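Offset between the sequence shown (1-based) and the working numbering: plus 10.
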Amino acid sequence: MTKDNSTLYLVEAKAHLSELKSKISAKNPNSKDLILKTMKEVFESNYPKGSFQMWTNEYYQLANRLTFLHKLNEKLKIKNINVKLVLLNFVGDYTYRPTCEEKWNMHYKEVFVNMIGMEIPKKDVIVVNFPVG
């Protein structure tokens with residue numbers, strides 16, 4: 011949260027590309043239905059040119075974060091609080107699988123084009139490549 015309480019930052023950190031891949035794993039049918047319904051609403055309202063199949067079967071965690079971002083922005087609008095999602099990527103993390111900045115950039119561009127139908131999300135999403143190696 012910023013000092014003036016006008017912006018709340020959600021941070022999702024990754025050290026290598028394979029961490030981005032995920033599928034929906036909710037077991038409870040009611041939970042799964044609610045998750046899918048909410049994600050579908052956000053998808054159709056904001057990213058209709060993308061692939062919803064990618065949201066649930068390939069990049070569920072990222073789709074979940076985008077959904078949470080949009081829903082939180084809806085709720086906090088009345089309090090004049092803007093929510094932003096920071097996708098923090100560790101560049102050159104030698105402890106597992108070092109990923110260079112170019113690979114992070116290419117990967118996100120490809121994922122966003124296929125998943126949401128645009129190279130960069132509309133607003134409120136910030137991609138940060140942080141060198142650690």
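The C-beta atom is built at its ideal place from N, Cα and C for all residues, glycine as well.
The structure displayed is predicted, hence computed values, not measured ones.
Should I126 be labelled buried (16 or more other beta-carbon atoms within 10 Å of its own) or exposed?
Reading the sequence shown from its first residue, position 116 is the one you call residue 126. Looking at its Cβ environment, which holds 16 or more other Cβ atoms inside 10 Å, I126 is buried.
* Beta-carbon spacing of A23, L98 below 8 angstroms -> To locate residue 23, count along the sequence shown from 1; it is residue 13. To locate residue 98, count along the sequence shown from 1; it is residue 88. A contact, by the Cβ cut-off of 8 angstroms.
Segment contact, 8 angstroms Cβ cut-off, at least three pairs: the stretch 45-59 with the stretch 124-139
yes
What residue does the beta strand (DSSP E) around V96 start on, and which one ends it? Taking the first residue of the sequence shown as 1, we reach residue 96 at position 86. N92 to V101 is the extent of the beta strand (DSSP E) around V96.
Quiz item: Whose C-beta lies closer than 6 angstroms to the C-beta of K33 among residues of the same chain, with five residues either side of it excluded?
Solution: Taking the sequence shown and counting its residues from 1, one reaches residue 33 at position 23. Excluding positions up to five away in sequence, the list reads N67 and Y70.
Strand pairing of Y69, partner residues [DSSP]
Numbered from its first residue, the sequence shown carries residue 69 at position 59. DSSP output for Y69 lists S32 as bridge partner(s).
What is the residue span of the alpha helix (DSSP H) that I130 lies within?
For the purposes of this step, residue 130 is taken as residue 120 along the sequence shown, with counting starting at 1. Careful: I130 lies outside any alpha helix (DSSP H) and carries neither H nor E.
Problem - Span of the beta strand (DSSP E), counted from its first residue to its last, around E24 - result: As a position in the sequence shown, residue 24 is number 14, starting the count at 1. Looking at the sequence shown, residue 24 is not Glu but Lys. Run containing K24: T17 to K24, per the beta strand (DSSP E) assignment.
Quiz prompt | Among L27, F78, D103 and N40, the one whose alpha carbon lies nearest that of M49 | solution = Position 39 of the sequence shown holds residue 49. Residue F78 is the option with its Cα nearest to M49.
If you reduce the DSSP assignment to three classes, tell me which class V52 lands in. As a working note, residue 52 is residue 42 in the sequence shown. V52: helix per DSSP, three-state reduction.
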